[in-house]
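Trainee: Taken in sequence, the protein lines are chains Z and H. Numbers 15 to 419, taken from my numbering, label the letters of the first sequence in order. Numbers 15 to 419, taken from my numbering, label the letters of the second sequence in order. All residues carry an ideal CB built from backbone N, CA and C; glycine is no exception. Bear in mind the structure is a predicted one, so any value in this text is a computation, not a measurement.
Protein chains: 2
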Amino acid sequence: MALIVQKFGGTSVGNTERIKNVAARVARYRARGDSLVVVVSAMSGVTDGLIKLAKEIMPLPSEREMDMLLATGEQTTIALTAMALQAIGVPAASLTGAQAGIVTDGVHTKAKIKNITPKQVHALLETGSVVIVAGFQGQTPEGQITTLGRGGSDLTAIALAAALKAGLCQIYTDVDGVYTADPRLVLTARKLDEIAYDEMLELAGAGAKVMQLRSVEFAKKFGVVFEVRSSMNDNPGTIVKEETKSMEDVVIRGVSIDKNQAKVTVVGVPDRPGVAARIFQALADAAINIDMIVQNVSHGEGAPVTDLSFTLDKPDLLKARKVIDALKGEIGYRDATTNEAIAKLSMVGVGMRSHSGAAAKMFAVLANEGVNIDMISTSEIKVSVVIDLAKGDHALRAVHGAFLG
Amino acid sequence: MALIVQKFGGTSVGNTERIKNVAARVARYRARGDSLVVVVSAMSGVTDGLIKLAKEIMPLPSEREMDMLLATGEQTTIALTAMALQAIGVPAASLTGAQAGIVTDGVHTKAKIKNITPKQVHALLETGSVVIVAGFQGQTPEGQITTLGRGGSDLTAIALAAALKAGLCQIYTDVDGVYTADPRLVLTARKLDEIAYDEMLELAGAGAKVMQLRSVEFAKKFGVVFEVRSSMNDNPGTIVKEETKSMEDVVIRGVSIDKNQAKVTVVGVPDRPGVAARIFQALADAAINIDMIVQNVSHGEGAPVTDLSFTLDKPDLLKARKVIDALKGEIGYRDATTNEAIAKLSMVGVGMRSHSGAAAKMFAVLANEGVNIDMISTSEIKVSVVIDLAKGDHALRAVHGAFLG
C-alpha cells in the first residue's frame, strides 16, 4: 500500500473515451490497495480554443484574466475524470489547484510554486477517495488564480508528490520513457530503465522534449523519484532519480540534437575588458536567451581583436541581429554574420566524470564521417557541438552508434 | 455616483462580439461616474456542451462533480468580459463566485446562498476597477464549489446588490421588461414601468418566464429594487420593488397563460378525514409538485363521496397517474381521469385587494366568449382558472382586452 501520484497530459485525457481509459488504469492501481492522487491537464485542444476566444477579444489579454480563463481547462478535466472513476465504482473527488493548496507567487501565466498545504487532499484520501487535482494552476496567498506556464502539470504532480511524501510519482505521456536518442531519428535508440536528474536536465536543455527543465529541477531539489511512462500501454517507463554509483559505469546516457538554434558571429571585436559584457547585457535586456558562447583567441597586429560566436533560439535571431547592429558604432567590430543552417549535437552522461576521452572519441567519430565542428561547449557531464544542419541526423546516428550501439 | 450591479444572461454574452457589446454598455455607465459590479452567466450553449460531455462519461454524474464542471462555464465568461473591458481602456478584474465571497450550503446543483462576504469585491472596487463576478456559483464554508440551480445568476446579482447595498440592480435579458401579457400572444400587451414584488411572484408562478421565483423572493426579502431590461437596446425596463400605495390604483397588473399543466381528477373519493392528505402526501413523496387543487362538495347518498381535481406540470403526469392508481385499493375511489388539453389563465394585481368584482368580471368575459371554466383558484392578488387548451390564447386576449386594453 503506497501513495502514488499519477499525472496524465492533455493527449491522455483528450476526449471522454481516453478519460475512461485513464480511469480504468487508476482503478487497477487502486485495486492493488494503493492510495492515488491523479493530476490531469486540460483536454488537448481546449487551451488553444480558450486562447483563440481571448484573442478575439484583444490581441494581448491581461495575464491575470488569461489565468482565470485557462484554469477552466483543467477544471473541466478533473470533474470528468472524477466522474469516470465513479462510473466504474471507484470513489473519487476533484480539487482545483487552489483547493489542493497549491500556493504560488503572483507572476501570472508563469507562476512559481511557493508552498503546498494539501489539507483537502489529505482529508479526501482519508475517506478512501481517489483525489483528482487540476494541474498547471494554483493560487496566490491573496486568493488570485494563477497558472504555472509550460510543463506546469508535471510540476504540479512532482510538487504534490514531494508535499505528500508519495512513494512514487508517475508522469504518463505519449512516449514509453526517456530514450538514448529520439527513436524517430535513431532506429537503434533504446528506452532507458533509469536516468539521473542531472542527465535528464542536460538532455532537456539539449533539445530532448520529454519534460521541461523546471519540473526536473524541482524533483531534484526535493528528491522526488519519478517515472516517465506511456499512457497507451503497460510497459515500465524510465525512472528519474538521484545519481547512483552504478550509473557511472555507463559513460554516455543519451544523445540529442537541437535543430531550433541559430548562430551569430561577431568578427573583429576589439579585445578589451567589458566588450563581451556589453554585448550580452544588451541581448539580455532584449530578453534573448543565449545558449552557447565561444570566443576565439585574439589575433591580428596592433590593437588585438577577437571573434565572438553564440547560439540562440531561431525565432530570436532577427531581434538579436538588430541588437548587434545597434552596437556597431559603440563597440567598433568589423562585421557580424548569422547562420540558421546549424544543429547542436549533444551527448550526456554522468559517467563522463570518471571516464576520460569521451569528447575526443566523439570528435573522432564526427571527423570520420566528414562532419566539421563549428563550435564546442562542454560541461562536467555533457559535450555539445555545433555542426552543419544538413549533416545533423547522420552525425546523431554516428555518435549514437559509437557510444550506445 | 452610484454602485450598480448589472447582470447579463447567457444570450447577452453568447459570443465574443456580444461580450464586447456588454463591455461597451458597462463602459457607458462607468463614464457617468458609477461603480459597477457585473454578474455574467455562461455563454449560451456552453453549459449544455459540458452536460453532454458529462453524459458521455456516465448517465447520472455526481452532483459535486457536476458543480465543479459547470462552474467553468461562468469562469470562462468573466475572464473574457474583463478582457473586453480592458480592451476599451476600462480597468476590470474578474472573480469566481467563491472569490466574490458567495457562501452557500452544501446542496450541490441547487445550493442556497447562506451569506456573502464580498471582501475582494470591495477591494477591487476601491482600486477603481469594474468587478466581473461569475453568476450561478458559490462555495461552501469548507471550500467546495457549488452551483445555485436555475436562475442562479439572477440570484447572484440580487444577493450581491443586497450585500453591497447597491443603488440599483439591473437584470439584462432578451426582453424589454415585464409586460402586461406575453407580447407574442397579445399584440396590445404593454411594458410595465413598475411592478410589485408580490405581483412579479404571482406572475412567475403563473407561467410568465421572465425570472425564477427564488430571485424575486430574495429581492423581496432584502428589499432589493431591481430593473428588468433588454441588453439589445437602451430602453428603460421594468422596476420591480415593494408595493406602493399608488400601485393599488391599477386593478390588474398583468395576465398570463400556462400551457404546461395537466389535470388529474379522482372521481368518487370517500369523503372522510385524511383521504386528501393521503393522496397529496403520496404525490409529494414522489417529488411531484401540485399547483391548483379543487375539491367539489360531497354528493350521492349513503356514504358521502367527493371529486378531487388537481393540476401539475405535464412531464409529471405519468408519474402522478401511477401514484394515484397505486392508491385505488387503499382509498377505494371510483375512477381517475387525466387531461392534458388544459391551460391555466391567471390575472394578477395588488389592486384586487381594494377593488372588488375583478374575478366576477373575468368570469363574465370568459362566459361571453363561450369559454367554459373547469377549475378556479384565487389568492389575495390573483385569480387563476383552468380552461380548454384550444381556447387558451383567445381567452387570454379577451381578458387582457377587458382589463388592460
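How would you write the range of the alpha helix (DSSP H) that residue 236 (chain Z) sits in, first residue to last?
Mentor: 227-236
Trainee: Based on the DSSP output, what are the partners of residue 187 (chain Z) in its beta bridges?
Mentor: Z:244
Trainee: Whose C-alpha, out of H:380, H:76 and H:65, is nearest the C-alpha of residue 361 (chain H)?
Mentor: Nearest to residue 361 (chain H) by alpha-carbon distance, out of H:380, H:76 and H:65, is H:380.
Trainee: Step through the CB atoms of chain Z and report whether any lies within less than 9 angstroms of the CB of residue 30 (chain H).
Mentor: yes
Trainee: Under 8 angstroms: do the segment 112-128 of chain Z and the segment 92-103 of chain Z share three or more Cβ pairs, one atom per stretch?
Mentor: no
Trainee: Residue 297 (chain H) lies in the alpha helix (DSSP H); which residues open and close that run?
Mentor: 289-299
Trainee: Rounding to the nearest angstrom, what Cα-Cα distance links residue 412 (chain Z) and residue 192 (chain Z) in this structure?
Mentor: 20 angstroms
Trainee: Residue 83 (chain Z): which of Z:73, Z:97, Z:61 and Z:95 sits nearest, CA to CA?
Mentor: Z:61
Trainee: Taking a cut of 9 angstroms between CB atoms, which residues from the segment 23-52 of chain Z lie near chain H?
Mentor: 29, 30, 31, 33, 34 and 37
Trainee: Who are the near neighbours of residue 204 (chain Z) in its chain, counting only those whose CB is closer than 6 angstroms to its CB and skipping five residues on each side?
Mentor: 194
Trainee: Give me the Cα-Cα distance between residue 85 (chain Z) and residue 160 (chain Z), rounded to the nearest whole angstrom.
Mentor: Answer to the nearest angstrom: the Cα atoms are 8 angstroms apart.
Trainee: Which term fits residue 15 (chain H), buried or exposed, when burial requires 16 or more other beta carbons within 10 angstroms of its beta carbon?
Mentor: Residue environment: residue 15 (chain H) is assigned as exposed (fewer than 16 neighbouring CB atoms within 10 Å of its CB, all protein chains considered).
Trainee: For residue 32 (chain Z), which residues in the same chain have their Cβ closer than 7 angstroms to its Cβ, ignoring the five residues on either side in sequence?
Mentor: 26
Trainee: Could you check whether the Cβ of residue 71 (chain Z) sits closer than 9 angstroms to any Cβ belonging to chain H?
Mentor: For residue 71 (chain Z), the closest Cβ of chain H is nearer than 9 angstroms.
Trainee: Based on Cα-Cα distance, which residue from Z:342, Z:343, Z:302 and Z:318 lies nearest to residue 324 (chain Z)?
Mentor: Per the Cα distances, Z:302.
Trainee: Going along chain Z, which residues have a C-beta under 7 angstroms from residue 75 (chain H)?
Mentor: 97
Trainee: Where in the segment 321-381 of chain Z do unbroken runs of the alpha helix (DSSP H), each at least 4 residues long, occur, reported from the N-terminal end onward?
Mentor: 331-345
Trainee: For the beta strand (DSSP E) containing residue 306 (chain H), name the first residue and the last one.
Mentor: Segment 304-309, the beta strand (DSSP E) holding residue 306 (chain H).
Trainee: Just to make sure I have the definition right: I need the residues of chain Z whose C-beta is within less than 7 angstroms of the C-beta of residue 79 (chain H). Which are they?
Mentor: 93, 96, 97 and 108
Trainee: From what residue to what residue does the alpha helix (DSSP H) around residue 35 (chain H) run?
Mentor: From DSSP, the alpha helix (DSSP H) with residue 35 (chain H) extends over 30-45.
Trainee: Just checking: is the beta-carbon of residue 83 (chain Z) within a distance shorter than 9 angstroms of some beta-carbon in chain H?
Mentor: True, the Cβ-Cβ gap to chain H drops below 9 angstroms.
Trainee: Distance check for residue 34 (chain Z) and residue 87 (chain Z), CA to CA, integer angstroms please.
Mentor: 18 angstroms
Trainee: I want to know whether the segment 275-292 of chain H touches the segment 236-244 of chain H - three or more CB-CB distances under 8 angstroms.
Mentor: no
Trainee: Would you say residue 163 (chain H) lies against chain Z (beta-carbon separation less than 9 angstroms)?
Mentor: No, no contact with chain Z.
Trainee: Just mark residue 292 (chain Z) as buried or exposed, buried being the case when its beta carbon has 16 or more other beta carbons within 10 Å.
Mentor: exposed
Trainee: Would a C-beta distance cut-off of 9 angstroms place residue 30 (chain Z) and residue 71 (chain H) closer than the cut-off?
Mentor: yes
Trainee: Can you tell me the Cβ-Cβ gap for residue 261 (chain H) and residue 364 (chain H), rounded? I've got them flagged as a contact below 8 angstroms.
Mentor: 5 angstroms
Trainee: Can you find a C-beta in chain H that's less than 9 angstroms from the C-beta of residue 141 (chain Z)?
Mentor: no
Trainee: Would you call residue 188 (chain Z) buried or exposed, if buried means 16 or more other Cβ atoms sit within 10 Å of its Cβ?
Mentor: Only exposed fits residue 188 (chain Z), as fewer than 16 other CB atoms lie within 10 angstroms of its CB.
Trainee: Please state if the CB of residue 357 (chain Z) and the CB of residue 273 (chain Z) are separated by a distance shorter than 9 angstroms.
Mentor: yes
Trainee: Please confirm whether residue 331 (chain H) and residue 352 (chain H) have their CB atoms less than 9 angstroms apart.
Mentor: yes
Trainee: Measure the CB-CB distance between residue 396 (chain Z) and residue 256 (chain Z) and report whether it falls below 9 angstroms.
Mentor: no
Trainee: Can you find a CB in chain H that lies within less than 9 angstroms of the CB of residue 157 (chain Z)?
Mentor: yes
Trainee: The beta strand (DSSP E) with residue 255 (chain Z) in it runs from where to where?
Mentor: Residue 255 (chain Z) -> beta strand (DSSP E) spans 252-255.
Trainee: If we ignore side chains and look at the alpha-carbon of each, how far apart do residue 79 (chain H) and residue 108 (chain Z) end up?
Mentor: 7 angstroms
Trainee: Closer than 9 angstroms, CB to CB, is residue 68 (chain Z) near chain H or not?
Mentor: yes
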